[in-house]
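Engineer: Please read through the structure below; I'll follow up with questions.
Protein chains: 2
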Amino acid sequence: MLALAAVLALSSPALAAEPVDTAAAVRDRALADPTAWTLLEDLTTDVGPRPTGSPAMVRAKDWGVQTFRDLGFTNITVEEFAKPSWTRGAESASVVAPYPFKLSILGLGGSVPTPARGIEAEVVVFRAYADLLAAPAGSLTGKIAVVTQAMTRTQDGAGYGAAGVARRSGPSEAARRGAVAYLVRSISTSDSRLPHTGAFRYADDAPKIPAAALGVPDAELLERLAARGPVKVKLSLASTTNPDNVAWNISGDILGSERPEQIIVIGGHLDSWDVGTGAIDDASGIAITTAAAKLIGDLPRHPKRTIRVVMWGSEESGGSSEAYAKARAGEIGNLVVASESDLGGDRIYALMLPQGAAAHPIRNQLSSLLAPLKILVSSEPARSGGADTSGLQAAGVPVFSLRQDASRYFDFHHSEDDTIDKVDRLSLDHNVAAWAAVIYMIADSDIDFRALKDAK
Amino acid sequence: MLALAAVLALSSPALAAEPVDTAAAVRDRALADPTAWTLLEDLTTDVGPRPTGSPAMVRAKDWGVQTFRDLGFTNITVEEFAKPSWTRGAESASVVAPYPFKLSILGLGGSVPTPARGIEAEVVVFRAYADLLAAPAGSLTGKIAVVTQAMTRTQDGAGYGAAGVARRSGPSEAARRGAVAYLVRSISTSDSRLPHTGAFRYADDAPKIPAAALGVPDAELLERLAARGPVKVKLSLASTTNPDNVAWNISGDILGSERPEQIIVIGGHLDSWDVGTGAIDDASGIAITTAAAKLIGDLPRHPKRTIRVVMWGSEESGGSSEAYAKARAGEIGNLVVASESDLGGDRIYALMLPQGAAAHPIRNQLSSLLAPLKILVSSEPARSGGADTSGLQAAGVPVFSLRQDASRYFDFHHSEDDTIDKVDRLSLDHNVAAWAAVIYMIADSDIDFRALKDAK
Numbered sequence: 001m002l003a004l005a006a007v008l009a010l011s012s013p014a015l016a017a018e019p020v021d022t023a024a025a026v027r028d029r030a031l032a033d034p035t036a037w038t039l040l041e042d043l044t045t046d047v048g049p050r051p052t053g054s055p056a057m058v059r060a061k062d063w064g065v066q067t068f069r070d071l072g073f074t075n076i077t078v079e080e081f082a083k084p085s086w087t088r089g090a091e092s093a094s095v096v097a098p099y100p101f102k103l104s105i106l107g108l109g110g111s112v113p114t115p116a117r118g119i120e121a122e123v124v125v126f127r128a129y130a131d132l133l134a135a136p137a138g139s140l141t142g143k144i145a146v147v148t149q150a151m152t153r154t155q156d157g158a159g160y161g162a163a164g165v166a167r168r169s170g171p172s173e174a175a176r177r178g179a180v181a182y183l184v185r186s187i188s189t190s191d192s193r194l195p196h197t198g199a200f201r202y203a204d205d206a207p208k209i210p211a212a213a214l215g216v217p218d219a220e221l222l223e224r225l226a227a228r229g230p231v232k233v234k235l236s237l238a239s240t241t242n243p244d245n246v247a248w249n250i251s252g253d254i255l256g257s258e259r260p261e262q263i264i265v266i267g268g269h270l271d272s273w274d275v276g277t278g279a280i281d282d283a284s285g286i287a288i289t290t291a292a293a294k295l296i297g298d299l300p301r302h303p304k305r306t307i308r309v310v311m312w313g314s315e316e317s318g319g320s321s322e323a324y325a326k327a328r329a330g331e332i333g334n335l336v337v338a339s340e341s342d343l344g345g346d347r348i349y350a351l352m353l354p355q356g357a358a359a360h361p362i363r364n365q366l367s368s369l370l371a372p373l374k375i376l377v378s379s380e381p382a383r384s385g386g387a388d389t390s391g392l393q394a395a396g397v398p399v400f401s402l403r404q405d406a407s408r409y410f411d412f413h414h415s416e417d418d419t420i421d422k423v424d425r426l427s428l429d430h431n432v433a434a435w436a437a438v439i440y441m442i443a444d445s446d447i448d449f450r451a452l453k454d455a456k
Numbered sequence: 001m002l003a004l005a006a007v008l009a010l011s012s013p014a015l016a017a018e019p020v021d022t023a024a025a026v027r028d029r030a031l032a033d034p035t036a037w038t039l040l041e042d043l044t045t046d047v048g049p050r051p052t053g054s055p056a057m058v059r060a061k062d063w064g065v066q067t068f069r070d071l072g073f074t075n076i077t078v079e080e081f082a083k084p085s086w087t088r089g090a091e092s093a094s095v096v097a098p099y100p101f102k103l104s105i106l107g108l109g110g111s112v113p114t115p116a117r118g119i120e121a122e123v124v125v126f127r128a129y130a131d132l133l134a135a136p137a138g139s140l141t142g143k144i145a146v147v148t149q150a151m152t153r154t155q156d157g158a159g160y161g162a163a164g165v166a167r168r169s170g171p172s173e174a175a176r177r178g179a180v181a182y183l184v185r186s187i188s189t190s191d192s193r194l195p196h197t198g199a200f201r202y203a204d205d206a207p208k209i210p211a212a213a214l215g216v217p218d219a220e221l222l223e224r225l226a227a228r229g230p231v232k233v234k235l236s237l238a239s240t241t242n243p244d245n246v247a248w249n250i251s252g253d254i255l256g257s258e259r260p261e262q263i264i265v266i267g268g269h270l271d272s273w274d275v276g277t278g279a280i281d282d283a284s285g286i287a288i289t290t291a292a293a294k295l296i297g298d299l300p301r302h303p304k305r306t307i308r309v310v311m312w313g314s315e316e317s318g319g320s321s322e323a324y325a326k327a328r329a330g331e332i333g334n335l336v337v338a339s340e341s342d343l344g345g346d347r348i349y350a351l352m353l354p355q356g357a358a359a360h361p362i363r364n365q366l367s368s369l370l371a372p373l374k375i376l377v378s379s380e381p382a383r384s385g386g387a388d389t390s391g392l393q394a395a396g397v398p399v400f401s402l403r404q405d406a407s408r409y410f411d412f413h414h415s416e417d418d419t420i421d422k423v424d425r426l427s428l429d430h431n432v433a434a435w436a437a438v439i440y441m442i443a444d445s446d447i448d449f450r451a452l453k454d455a456k
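Same order as they appear, the protein sequences are chains A and B. When you line the first sequence up against this note's numbering, it's residues 1 to 456, in that order. When you line the second sequence up against this note's numbering, it's residues 1 to 456, in that order.
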């Protein structure tokens with residue numbers, strides 16, 4: 001990025017460099033630093049899939065604590081919170097008529113099981129979720145409702161939220177209309193047979209029916225078959241739940257040199273779905289933010305404020321955000337800003353600052369620092385800092401967002417294909433560089449983002 | 001491609017067009033003809049996966065006969081031949097140590113089953129097949145041998161043959177060195193967890209050990225785990241075989257108008273692997289060649305020679321090529337040329353003519369006809385006309401080859417991902433156009449390719 005001589009000169013403590021010079025040096029060091037990749041490889045190889053409530057999650061917690069120790073973090077904390085867990089059992093689905101065909105499915109997180117003998121019924125296929133909503137009450141009595149609406153590929157991942165309602169609300173909407181089970185086309189941009197799981201919640205006023213995702217080609221096959229005549233499907237799900245389970249938020253600090261009580265909160269989530277090894281979701285975020293903070297921790301002089309990396313313990317089915325905000329209730333005012341990396345390992349294309357900060361001089365400094373990485377600084381404020389910061393945001397903590405290119409993310413997300421080979425090492429390091437530059441600048445500043453927001 | 005008026009003018013029988021003009025008209029009609037796509041959709045939707053020996057293969061046979069009838073073919077024949085069948089049973093594999101992890105596997109076609117309790121053993125990972133061959137006798141005693149060599153992506157599919165030896169010969173080579181089971185990285189260019197199956201044969205002089213393919217990310221995980229310490233894997237395969245099964249080669253003719261006894265043999269294979277719906281392998285080839293011949297059959301005047309479409313009945317594990325050549329033994333001299341479409345639905349980039357034909361004037365005519373499709377006519381002769389024509393080729397029948405771009409083919413081939421969504425309709429029609437032009441020209445000529453070959 002910069003010539004090596006320039007990097008060395010800028011990073012020399014003897015020069016009493018300006019913050020922006022140190023941030024640039026850390027940024028460039030990140031591009032050749034092995035920490036993030038090593039963390040990503042270790043977590044996905046040594047721990048593997050780590051759903052909340054699983055034995056693997058206990059190993060993940062121990063890995064997180066050991067990682068913070070090994071990398072020189074201080075004030076390492078493990079905070080336990082109550083977290084009911086859901087565990088996938090044996091699952092299968094088949095077309096029974098017009099001819100036997102094994103479907104690729106994955107139960108949705110939170111689904112009730114089917115009876116042991118399964119549920120066999122005729123399907124009703126809706127090519128748009130809106131068509132299901134338009135179906136009258138009772139029209140699906142005794143049927144398996146199938147929604148096959150496709151997800152749109154977008155850079156910012158907006159397609160996920162738009163298509164995802166069919167997963168999040170579909171089971172109860174189908175049940176209200178009489179359906180005995182619910183199948184949804186995977187909320188995915190891939191054309192793989194590997195289905196995409198994810199969580200949902202039953203509405204209180206509807207029967208709880210079993211729900212699963214179909215592989216994309218399987219959903220399209222059901223469309224074609226249903227257009228030719230009646231189709232009967234058999235679904236079996238054997239999930240279990242444990243209402244008394246727990247999870248943990250783990251954190252480690254790079255202590256500030258002047259105002260250590262003022263804290264920048266960053267991190268990723270340690271839990272993953274049970275399929276795949278959670279490489280893009282979210283070992284990448286753990287690796288990126290931990291490596292960025294560690295690079296700053298290695299500096300001869302720490303920035304003024306503390307940088308805290310949190311490994312949130314239950315993002316996928318929720319809980320860690322609320323638990324973290326609750327545990328921090330007494331010190332919310334000390335949390336300067338919060339942001340999570342939780343969209344894989346592909347490159348960042350935009351920084352969105354907290355509300356009001358676009359007019360602050362730090363914006364131009366960050367523009368300059370991020371220009372070599374081809375990252376723009378948006379004039380729009382961040383609306384979210386990531387799912388696990390939403391509790392803090394609701395409590396008044398300002399948030400920022402380093403927006404990653406999500407064009408490929410939903411090809412692999414929440415599927416067996418979420419594995420390390422989907423992560424490009426250079427792109428991962430690009431993320432570390434951006435995070436390191438941004439958090440160094442904020443941590444070595446005395447900007448009060450709340451005041452900027454209020455001033456607007 | 002050409003303006004509509006030109007097409008209509010060229011295709012009018014009143015003009016007494018030259019063969020090349022009729023071929024051009026048929027070529028252009030193919031680009032807007034729905035036949036191939038309809039056949040592809042019907043076969044993959046109404047029949048689905050169709051391994052030899054399965055009930056679905058009986059439905060596929062009936063579909064083939066009905067298709068020939070519906071499209072106006074004559075001399076429809078169904079030739080039965082003996083074909084032992086292999087049927088996949090329940091399959092699973094897991095890492096047992098250092099921690100439990102479910103591996104994505106697919107048994108290789110022809111594998112013996114494991115004992116019902118499975119086989120549990122430490123793995124020995126070879127990153128190159130040559131490393132397995134270099135392992136001394138006895139060095140794998142009691143181990144599961146794992147070969148993780150990657151396949152190279154190439155336009156002509158040459159990577160498949162080169163990497164495939166690890167599947168075709170690996171089980172017996174591992175057994176010779178004492179291995180109790182064999183796992184091979186999928187012979188695939190994809191990074192999907194969905195494994196790639198395929199057939200192999202045991203050597204007569206080695207113990208028969210169970211053999212399966214690993215998903216690509218699973219193979220890479222085993223590499224990383226094995227580099228960190230001992231890894232134990234448990235494998236269970238429950239395949240069965242039926243030595244007394246049968247298969248069928250089905251064919252239909254577009255009768256020649258002047259020398260109907262001289263026959264151009266083209267086609268695809270009707271059987272598929274049991275995973276996926278056999279869309280690229282080889283419903284596409286069936287659809288392309290059938291649609292091309294049908295377009296010629298629709299002409300007011302048929303070309304001089306007969307065009308025969310064969311739906312070969314057992315390509316995947318072999319047998320249909322030999323059976324077909326044997327059944328044709330008495331009329332081999334009447335078979336002008338043979339070629340199979342069996343590399344999916346992506347575009348053709350080259351035509352390779354039979355040995356000796358590059359110096360014949362038909363080469364320039366074909367160059368002109370194929371130029372608008374961006375297909376070159378190679379100066380190299382075809383070395384093969386496809387697996388199902390190898391028996392004919394061995395008996396002296398000249399072969400040609402329309403080479404398809406195989407860059408994407410091995411991302412999906414022999415996996416659950418071989419489904420219709422992987423086929424691009426415009427590319428499929430492009431194939432039909434090329435086949436129609438080439439076979440029309442050969443069928444309306446009196447070229448004796450054997451004489452050209454001998455003259456060289």
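Beta carbons are placed, not taken as given, at the ideal position from N, Cα and C, and that holds for glycine. It should be emphasised that the depicted structure is a prediction, and the values quoted were computed from it without experimental measurement.
Looking only at DSSP bridge pairs, what is B:His269 linked to?
Structural biologist: As a first step, residue 269 of chain B is located in the second sequence; it is residue number 269 there, counting from the start. For B:His269, which the question treats as bridged, DSSP gives the partners B:Trp312.
Engineer: A:Arg259: which of A:Leu40, A:Ala32, A:Ala30, A:Asp448 sits nearest, CA to CA?
Structural biologist: As a first step, residue 259 of chain A must be located in the first sequence, where it is residue number 259. The residue with the shortest Cα to Cα distance from A:Arg259 is A:Asp448.
Engineer: With a threshold of 8 angstroms between beta carbons, is B:Thr45 in contact with chain A?
Structural biologist: Position 45 of the second sequence, counted from the start, is the residue given in the question as residue 45 of chain B. True, the Cβ-Cβ gap to chain A drops below 8 angstroms.
Engineer: Can you list the alpha helix (DSSP H) stretches of 4 or more residues lying completely in the segment 94-142 of chain B, in chain order?
Structural biologist: If we require 4 residues or more, the alpha helix (DSSP H) runs fully inside the segment 94-142 of chain B come out as 129-134.
Engineer: Given 8 angstroms as the limit, is there contact between the segment 73-86 of chain A and the segment 20-33 of chain B, that is, 3 or more CB pairs closer than that?
Structural biologist: These segments do not touch.
Engineer: Going by DSSP, what residue range makes up the beta strand (DSSP E) through B:Glu340?
Structural biologist: Residue 340 of chain B sits at position 340 when you count from the first residue of the second sequence. That run of the beta strand (DSSP E) goes 335-340.
Engineer: In angstroms, rounded to a whole number, what distance separates the CA positions of B:Asp405 and B:Ala90?
Structural biologist: Within the second sequence, numbered from 1, the residue matching residue 405 of chain B stands at position 405. Within the second sequence, numbered from 1, the residue matching residue 90 of chain B stands at position 90. One C-alpha to the other measures close to 35 angstroms.
Engineer: I'd like the ranges of any alpha helix (DSSP H) spanning at least 4 consecutive residues and lying wholly in the segment 140-167 of chain B.
Structural biologist: The segment 140-167 of chain B contains no whole alpha helix (DSSP H) run of 4 or more residues.
Engineer: Please work out which residues of its chain come closer than 7 angstroms, Cβ to Cβ, to A:Ile254, disregarding the five sequence neighbours upstream and downstream, and give them in chain order.
Structural biologist: Here residue 254 of chain A corresponds to residue number 254 of the first sequence, with the count starting at 1. Contacts found: Phe73, Ala293, Ile296, Gly297, His302, Thr306, Ile307.
Engineer: Going along the chain, which residues of its own chain have a beta-carbon closer than 7 angstroms to the beta-carbon of A:Thr141, five neighbours each way excluded?
Structural biologist: For the purposes of this step, residue 141 of chain A is taken as the residue at position 141 of the first sequence. These residues qualify, in order along the chain: Gly178.
Engineer: Can you tell me whether B:Leu452 is buried or exposed, with buried defined as 16 or more other CB within 10 angstroms of its CB?
Structural biologist: Translated into the one-based positions of the second sequence, residue 452 of chain B becomes position 452. B:Leu452 is buried by the Cβ-count criterion.
Engineer: Please check the pair A:Tyr409 and A:Gly318, which I expect to be a contact at CB under 8 angstroms, by giving their CB distance rounded to whole angstroms.
Structural biologist: One-based indexing of the first sequence puts residue 409 of chain A at position 409. One-based indexing of the first sequence puts residue 318 of chain A at position 318. 20 angstroms between Cβ atoms; not a contact.
Engineer: For chain B, find out if any of its Cβ atoms is closer than 8 angstroms to the Cβ of A:Ser272; answer yes or no.
Structural biologist: Within the first sequence, the letter at position 272 stands for residue 272 of chain A. No - not a single Cβ of chain B is within 8 angstroms of the one on A:Ser272.
Engineer: Can you find a C-beta in chain A that's less than 8 angstroms from the C-beta of B:Ala437?
Structural biologist: Counting from one through the second sequence, the residue named residue 437 of chain B turns up at place 437. Not one chain A Cβ lies under 8 angstroms of B:Ala437.
Engineer: Check this for me: beta carbons of A:Gly64 and A:Ala56, under 8 angstroms apart or not?
Structural biologist: As a first step, residue 64 of chain A is located in the first sequence; it is residue number 64 there, counting from the start. As a first step, residue 56 of chain A is located in the first sequence; it is residue number 56 there, counting from the start. Not closer than 8 angstroms, so no.
Engineer: In this structure, how does DSSP classify B:Ala3 when only helix, strand and coil are distinguished?
Structural biologist: For this step, residue 3 of chain B is matched to residue 3 along the second sequence. Residue confidence is low: B:Ala3 scores 45 on pLDDT, short of 50, so the model does not pin down where it sits. Its coordinate-derived value is still stated next. The answer is coil: DSSP assigns B:Ala3 none of H, G, I, E or B.
Engineer: Chain A partners of B:Asp191, CB-CB under 7 angstroms?
Structural biologist: Sequence index remark: in the second sequence, residue 191 of chain B carries index 191 (1-based). Those within 7 angstroms of B:Asp191 in chain A are Asp421, Lys422.
Engineer: Taking Cβ positions only, does A:Leu194 come closer than 8 angstroms to chain B?
Structural biologist: Counted from its first residue, the first sequence places residue 194 of chain A at position 194. At least one chain B Cβ lies under 8 angstroms of A:Leu194.
Engineer: I'd like to know if A:Pro217 contacts chain B, where contact means its C-beta is closer than 8 angstroms to some C-beta of that chain.
Structural biologist: Here residue 217 of chain A refers to the residue found at position 217 of the first sequence. At least one chain B Cβ lies under 8 angstroms of A:Pro217.
Engineer: Are the C-beta atoms of A:Arg224 and some chain B residue less than 8 angstroms apart?
Structural biologist: Here the question's residue 224 of chain A lines up with position 224 in the first sequence. It does; some Cβ of chain B falls within 8 angstroms.
Engineer: Among the candidates A:Ala97, A:Val96, A:Thr87, A:Lys61, whose CA atom is the shortest distance from the CA of A:Gly107?
Structural biologist: Position 107 of the first sequence, counted from the start, is the residue given in the question as residue 107 of chain A. Nearest of A:Ala97, A:Val96, A:Thr87, A:Lys61 to A:Gly107, Cα basis: A:Thr87.
Engineer: What ranges does the alpha helix (DSSP H) occupy inside the segment 17-65 of chain B, keeping only unbroken runs of at least 4 residues that lie completely in it?
Structural biologist: Runs found: 19-30, 35-42.
Engineer: Buried or exposed: which applies to A:Gly138, given that a residue is buried once 16 or more other Cβ atoms fall within 10 Å of its Cβ?
Structural biologist: On the first sequence, residue 138 of chain A is found 138 positions in, with the first residue counted as 1. So A:Gly138 counts as exposed.
Engineer: Only counting the same chain, and skipping five residues up and downstream in sequence, which positions put a Cβ closer than 6 angstroms to that of B:Phe68?
Structural biologist: Within the second sequence, residue 68 of chain B is the residue found at index 68, counting from 1. Closer than 6 angstroms at Cβ, skipping near neighbours: Ile76, Gly252.
Engineer: In terms of residue numbering, what span does the alpha helix (DSSP H) encompassing B:Asn249 cover?
Structural biologist: Position 249 of the second sequence, counting from 1, holds the residue named residue 249 of chain B. Counting along the chain, B:Asn249 falls outside any alpha helix (DSSP H), though it belongs to the beta strand (DSSP E) covering 246-254.
Engineer: Please identify the residue among B:Asp342, B:Val336, B:Val337, B:Asn334 whose C-alpha is closest to the C-alpha of B:Ser314.
Structural biologist: Indexing the second sequence from 1 puts residue 314 of chain B at position 314. Of the candidates B:Asp342, B:Val336, B:Val337, B:Asn334, the one whose C-alpha sits nearest the C-alpha of B:Ser314 is B:Asp342.
Engineer: Hey, does B:Leu255 have any beta-carbon neighbour from chain A nearer than 8 angstroms?
Structural biologist: For the purposes of this step, residue 255 of chain B is taken as residue 255 along the second sequence, with counting starting at 1. Not one chain A Cβ lies under 8 angstroms of B:Leu255.
Engineer: Roughly how many angstroms lie between the CA atoms of B:Gly161 and A:Gly159, to the nearest whole one?
Structural biologist: The residue labelled residue 161 of chain B in the question sits at position 161 within the second sequence. The residue labelled residue 159 of chain A in the question sits at position 159 within the first sequence. So the alpha carbons of these two residues sit roughly 40 angstroms apart.
Engineer: Please report the residue range of the alpha helix (DSSP H) in which A:Ile288 lies.
Structural biologist: Indexing the first sequence from 1 puts residue 288 of chain A at position 288. First-last of the alpha helix (DSSP H) with A:Ile288: 284-297.
Engineer: Measuring CB atoms only, is the segment 225-239 of chain A touching the segment 184-203 of chain A, in the sense that at least three cross pairs come out at less than 8 angstroms?
Structural biologist: Result no; under three Cβ-Cβ pairs closer than 8 angstroms.
Engineer: When the Cα of B:Asp274 is compared with those of B:Gly109, B:Leu103, B:Ala36, which residue comes out closest?
Structural biologist: Working through the second sequence from its first residue, we reach residue 274 of chain B at position 274. If we check each option's Cα against that of B:Asp274, B:Gly109 comes out closest.
Engineer: Between which two residues does the alpha helix (DSSP H) holding B:Gln365 run?
Structural biologist: In the second sequence, the residue the question calls residue 365 of chain B occupies position 365. 362-370 is the extent of the alpha helix (DSSP H) around B:Gln365.
Engineer: Cβ of A:Lys232 within 7 angstroms of any heavy atom in the ligand FAD?
Structural biologist: For the ligand FAD, the structure offers nothing, since it holds no ligand at all.
Engineer: DSSP three-state call for B:Pro210: helix, strand or coil?
Structural biologist: Walking along the second sequence from the start, residue 210 of chain B turns up at place 210. Here B:Pro210 sits in coil by DSSP.
Engineer: For A:Leu221, return the contacting residues in chain B, with the cut-off set at a CB-CB distance below 7 angstroms.
Structural biologist: In the first sequence, the residue the question calls residue 221 of chain A occupies position 221. Here the neighbours are Thr45.
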